[in-house]
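When you line the sequence shown up against the numbering used here, it's residues 380 to 1027, in that order. Glycine included, each C-beta is placed from N, C-alpha and C at the ideal position. In what follows, a structure is listed as structure tokens, so that the remarks can point back to it.
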Amino acid sequence: MSRLGKIDVVSIDDLDTSEIERVFALADGFAEGLESGGQITTASGLIMATLFYEPSTRTRLSFESAMHRLGGAVISSADMQASSAAKGESLADTVRVVSGYADLIVLRHPHDGAARVAADYAACPVLNAGDGSREHPTQTLCDLYILRKKKGHLKGLTVALCGDLKFGRTVHSLIYALARFGANIVAVPTAGMDVPDYVLQRLASERNYSFSTVTMDELKTLAGGLDALYLTPSAPHQMALFTGDEATRKIPSVEPPLALDAFYITRLQKERMTSKEINAGEYVRFDARALKTSRTQEAVVMHPLPRTGELAYELDSDPRAVYFEQAAAGVPVRMALIAWLIEKSKAAQVRARTVAEPIRFKSEAPPRCANPNCITRFEGAYLRPRFKMARSADPAILALKCDFCERELKIEYVGHARSHRFYRFDENLQGYVRQWIEEGSLAVFESVKQAEEGGYEPYKRGPQREMMRSEEVAHAIESLADQLIAEMPEMTGVSIVGVISRGAILALRLRDLIERKTGVRAPCAALDVYSPAEAVHPIDGTDNFDVEGRTIILVDDVINSGWTVQRAMATIWQRGRPAAAKLAVLIDRGHRAVPIRPNYVGKNIPTSRTERVQVRLAPSSDDSKAVSHDRVMIYSIVEPLKETEAAR
Ligand code: CP
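Next up, the structure:
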């Protein structure tokens, strides 16, 4: 049982401005105390646990040093790979257990939103020491502390943030804080590494704040002595510096001439990038020349460290290079944060976190976060995706915000749980959707197919007609089995995967037919393209389903755009590398948005894009009563759908 109040610092915005000021005041005292020596007992009797799922030098060691200096104790796992995390223990279980051993947890984790999960499940306070590319609030405390010390204030400073502003979590927390303290930001991202939209949106919606983005060359010009250049939105030649939306956003005026108070350099966060992103182009290299102009000579050079090749060693002896001071501030600032936590707990000032209720969805599969690094993608066994309404500037778009990683998810189809109708979202549905959220009857879908699978009907149906009766369906399935057997000399290496739901029924029926004809019973699994955490599971009574080295027959009832097949193939490849993969479909509609051709087809039914093909299949071909259930219908949706939507 923690002796501290449940005060979590997941984001820099979990501390209000007066709390940050208090931490800085305490840090000043500790910095002096560290110099003069002497015993500090502020944290005597308290234990801090450090859980670092990613490497760290500064954050971990300065936190541990801070706790020791405060007279507290530290417990830790030297390497999380040597903890039960390596056996598959979830983050939630780990922090729940560790809360029983410690009064405070410091967590670093590779996945976006992990600190939020830890804070939700731990009984003791959780301090975020960096979660994926999202935030690193305690680094920001060190950055602000040193910046203010050097410049005397934060308000009105102009700070150029340079390098990888996409994955650099330290800059994200710093941006929120600089905006709060009234500093001007000039973003100078390396190519393709811009500040992400979700950060810009949070700034705009919560602080009505935006900033300018320029290239390094443009910054050199702006800060290099050309008095005619003004960073204001009214000068047309200046607007050319801003690309796309940036030109229309409110651009805070930076008083000319553009004198910089600080450069904040970051390294390329290679550990979060694809090889394509790593090799995308040249990275910023910052050296003493940048400080030579009249507009930069007063600037301090900051870096959260570690550095790689982006910051020249020649700068180290320059008094304007303050990055080692930032690192050194880690001890007094983190001592101050822990002391503030103790102070706050004693004063019983623990505030309840005021959060908007997440949306309760009625869909079978709630939407999943589109961010592949979101913690919900990795802790799916217990973690339900959680979304709130995002403040979309475009009323024609329904945007949700992931509660863990903050990324936006755009929703195309919405449904009403009581009427079981689905709609393509447009502006006219805004009011209805808000009402459905309030009454808990909103369902959302990624595609028409998903809505249909969930038993939802289109808002309005056009005429429908029967395309195949039960005998024809049975014949087409038999033809599929024969094609497969004719082409597969060796059925023993074959495994069958059916896309839930009708594809999975079809897969089982094909498996049974093939067994009857060849005597070989192929392993069979169902695949859910909407639930990747538990996407592939055996449906043949076995426990395991291997894809490695096997010939996979992917089975679906209808091939529409090829989108489902693409997603299914990607899921299969995540589990292992099959020797080959083939696609078998009962109905080929003949138009595809992506170049995927089925290898085996039960029947070709050319259709227009506004038509839907609906397949009904009995689970087994043995049950004569059930077989009469089989049929293929075609119907049109009256509501006009965009081409790609109708095709899915
Ligand atoms: N600045 C920072 O977070 O450094 P470490 O990764 O070494 O903790």
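Since I believe residue j is in contact with residue i (beta carbons under 8 Å), could you give me their beta-carbon distance rounded to a whole number of angstroms?
{"i": "R527", "j": "A508", "result": "Not confirmed; about 22 Å, so no contact."}
{"i": "L598", "j": "S589", "result": "Actually they do not touch by this definition, with Cβ atoms about 17 Å apart."}
{"i": "F783", "j": "R548", "result": "Their Cβ separation, rounded to whole angstroms, is 14 Å, which puts F783 and R548 out of contact at 8 Å."}
{"i": "A960", "j": "I918", "result": "Not quite, the Cβ-Cβ distance comes to about 18 Å (not below 8 Å), so this is no contact."}
{"i": "L383", "j": "L720", "result": "6 Å"}
{"i": "I984", "j": "M846", "result": "6 Å"}
{"i": "L889", "j": "I875", "result": "6 Å"}
{"i": "I1035", "j": "P504", "result": "The chain is shown from 380 up to 1027; residue 1035 falls before or after that span and cannot be answered."}
{"i": "L885", "j": "V934", "result": "5 Å"}
{"i": "L906", "j": "Y979", "result": "No, L906 and Y979 are not in contact; Cβ-Cβ is about 17 Å, not under 8 Å."}
{"i": "T645", "j": "V550", "result": "6 Å"}
{"i": "I391", "j": "E585", "result": "I391 to E585, Cβ: 12 Å. No contact."}
{"i": "F442", "j": "A715", "result": "In fact, because the Cβ distance is near 12 Å, the residues do not count as touching under 8 Å."}
{"i": "Q580", "j": "S552", "result": "With a Cβ gap of about 16 Å, Q580 and S552 do not count as contacting."}
{"i": "V992", "j": "V1011", "result": "7 Å"}
Do you know how far the Cα of residue j is from the Cα of residue i?
{"i": "I951", "j": "G810", "result": "40 Å"}
{"i": "T989", "j": "N939", "result": "11 Å"}
{"i": "R713", "j": "K780", "result": "31 Å"}
{"i": "Q705", "j": "A778", "result": "38 Å"}
{"i": "A607", "j": "T396", "result": "Low confidence applies to A607: its pLDDT is 31, below 50, so where it sits in the model is not reliable enough to give any reading."}
{"i": "M618", "j": "P568", "result": "Any reading at M618 must be qualified, since the residue scores a pLDDT of 30, below 50, and its modelled position is unreliable; the value itself is stated next. Approximately 18 Å between the Cα atoms of the pair."}
{"i": "V322", "j": "R651", "result": "Outside the shown range of the chain (380 to 1027) lies residue 322, about which nothing can therefore be said."}
{"i": "A626", "j": "T653", "result": "In this predicted model, A626 has a pLDDT of only 34, less than 50, meaning its place in the structure is not dependable enough to derive any value."}
{"i": "V476", "j": "A830", "result": "40 Å"}
{"i": "S673", "j": "A602", "result": "8 Å"}
{"i": "L821", "j": "E806", "result": "16 Å"}
{"i": "L557", "j": "G450", "result": "33 Å"}
{"i": "Y609", "j": "Q676", "result": "The pLDDT assigned to Y609 is 34, lower than 50, so where the model puts this residue is not dependable; a value taken from the coordinates is nonetheless given after this. If I take the Cα positions, the gap works out to 19 Å."}
{"i": "T600", "j": "K529", "result": "26 Å"}
{"i": "A501", "j": "V474", "result": "5 Å"}
{"i": "D510", "j": "R747", "result": "19 Å"}
{"i": "L1013", "j": "R848", "result": "In the sequence on display, residue 1013 carries Ile and not Leu. Whole-angstrom Cα-Cα distance: 12 Å."}
{"i": "S423", "j": "H447", "result": "9 Å"}
{"i": "Y555", "j": "D925", "result": "46 Å"}
{"i": "N563", "j": "L637", "result": "11 Å"}
{"i": "S444", "j": "V453", "result": "9 Å"}
{"i": "E468", "j": "A493", "result": "14 Å"}
{"i": "E656", "j": "D543", "result": "11 Å"}
{"i": "A883", "j": "F801", "result": "24 Å"}
{"i": "L425", "j": "I525", "result": "28 Å"}
{"i": "A481", "j": "A404", "result": "26 Å"}
{"i": "E791", "j": "Y909", "result": "15 Å"}
{"i": "P974", "j": "G841", "result": "29 Å"}
{"i": "Q814", "j": "E850", "result": "46 Å"}
{"i": "E634", "j": "P711", "result": "With a pLDDT of 46 at E634, under the threshold of 50, the predicted position of this residue should be treated as unreliable, and no value is reported."}
{"i": "A949", "j": "R765", "result": "24 Å"}
{"i": "I717", "j": "L483", "result": "9 Å"}
{"i": "A958", "j": "I399", "result": "57 Å"}
{"i": "F804", "j": "I816", "result": "14 Å"}
{"i": "K649", "j": "C541", "result": "16 Å"}
{"i": "L647", "j": "V574", "result": "13 Å"}
{"i": "G479", "j": "R786", "result": "32 Å"}
{"i": "F703", "j": "P516", "result": "18 Å"}
{"i": "G595", "j": "Y662", "result": "Note on identity: in this sequence residue 595 is Met, with Gly being the wrong assignment. Near 10 Å, if we compare the C-alpha coordinates of Y662 and M595."}
{"i": "A406", "j": "L520", "result": "10 Å"}
{"i": "S798", "j": "S826", "result": "18 Å"}
{"i": "V701", "j": "A769", "result": "38 Å"}
{"i": "F757", "j": "L470", "result": "10 Å"}
{"i": "A678", "j": "F642", "result": "7 Å"}
* Asked: Three or more C-beta pairs closer than 8 Å, one from the region 867-874 and one from the region 834-843: is that the case here?
  -> no
* alpha helix (DSSP H) segments (min. 4 residues) lying fully within the region 705-769 -> none
* To do: Any chance you could list the alpha helix (DSSP H) runs of at least 4 consecutive residues sitting entirely within the region 756-830, in chain order?
  => 809-818
* Sequence ranges, beta strand (DSSP E) only - wholly within the region 871-923, length at least 3 -> 873-878, 903-906, 915-917
* Asked: In the region 838-866, which residue ranges form an unbroken alpha helix (DSSP H) of at least 4 residues, counting only runs that do not cross its ends?
  -> 849-866
* Just checking, does the region 694-704 make contact with the region 665-672 on the three C-beta pairs under 8 Å criterion? -> yes
* Asked: Below 8 Å, can you find three or more Cβ-Cβ pairs linking the region 743-754 to the region 433-446?
  -> no
* Asked: Are the region 529-546 and the region 409-417 touching, with three or more C-beta to C-beta distances below 8 Å?
  -> no
* Segment contact, 8 Å Cβ cut-off, at least three pairs: the region 447-462 with the region 420-432 -> yes
* Hey, which unbroken runs of the alpha helix (DSSP H) at 4 residues or more fall wholly within the region 526-586? -> 548-559, 576-586
* Asked: Which full runs of the alpha helix (DSSP H) of 4+ residues lie inside the region 649-690, going along the chain?
  -> 654-657
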